[in-house]
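Using numbering that gives the first Met the number 0, the letters of the sequence shown correspond one by one to residues 0 to 210.
Structure first, commentary second.
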Amino acid sequence: MSDGGRGRYAPSIRRREQIARAALQQIVENGHAAMSVSQVASAAGVSERTLYYHFPTREHVLVAALELSDERTTDEIGGRDDDDFAEMDDVVAGLARLGAEHPWLVRLMVYLSARAQEPGHPAHAYFRRHNAEAIRSFATLLRHRQRRGLAHPDLEPEVVARRLVAAWDGLQAQWLVEPDFDLADEISAAFRQLTGQNVMEARSAFERALA
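In C-alpha cells, the structure reads:
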C-alpha cells in the first residue's frame, strides 16, 4: 500500500485500535463474559454505531482484543537472539506462566477457540493463523534444540509442534475447570516429554558417568 493509502486509512486504523484497547482493558478487569459493548464504546470515545461500523458483532470485538493481547505478548518476548532460546524457560515456560498469571486470557482463548470451529465465526481466521504460527515457532525452537543436543534428533519438528499446541490447548481448558494443578509446570513437562528432553538429559548424564 502506498503512503497515501496508509494516510487515508490511518484514522480508521486508530479508531479500531482505540476500541480494541478499551475492550481489552474491560476483559482484563472483568473477564470477557462481562464485557459490555456500550461501555467499550464509551471508554473508546465513540458511539455504539461507530463501534459496530468497525466491528459488526461483539465477537469481532473480542477477537480484536485477543489480537491486541497477542501483539503485547510478542513485544514482551521479542528481541531475543539464538542463544536466548537455549533454555526452555525462555519461551515455553515463560508463555505458560503468562497464561497462568492471567486467567482472563486463558478464558478468552478457550471461549473463542471453541467458537472458531465454525468457518464463519470471526475467530476462525484468527485461530487458523495463530495455530500455524505457533506450530512454525515451536518447530523452529525444536530444530534449534536438536542442533544443541537438547531434543531427540529423530523427532519430526512439525509433528511434535502440532502435538505440543494440542497439549497446550487441552491443559488450558482442563485448568479452567480444575485449577488445582500448576498450569505452567504441566505445559513445561509436556514440552520436555514431547521433545525427548528427558531422554537426552538421561543419555548425557550416562555418557558423562562413563567418561
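Cβ atoms here follow ideal geometry from the backbone N, Cα and C, with glycine treated the same way.
Predicted model, so just to flag it, every value in this text is computed and none were measured.
DSSP places Ala42 in the uninterrupted alpha helix (DSSP H) bounded by 36–43.
Note that the C-beta distance between Ala92 and Ser187 is below 8 Å. By the CB criterion at 8 Å, Tyr125 and Val62 fall inside the cutoff.
Per the coordinates, the alpha-carbon of Val105 lies some 17 Å from the alpha-carbon of Val60.
Take Glu58, set aside five residues on each side of it, and the residues of its chain with a beta-carbon closer than 6 Å to its own are Pro121, in chain order. Gln171 carries a helical assignment under DSSP once its states are collapsed to helix, strand and coil.
The way I'd put it, the region 106–119 doesn't touch the region 156–163; fewer than three beta-carbon pairs between them come closer than 8 Å. Closest by C-alpha distance to Glu155, out of Gly119, Pro118, Glu70, Phe137, is Phe137. Phe137 carries a helical assignment under DSSP once its states are collapsed to helix, strand and coil.
Exposure of Thr73 is indicated by the presence of fewer than 16 other C-beta atoms within 10 angstroms of its C-beta.
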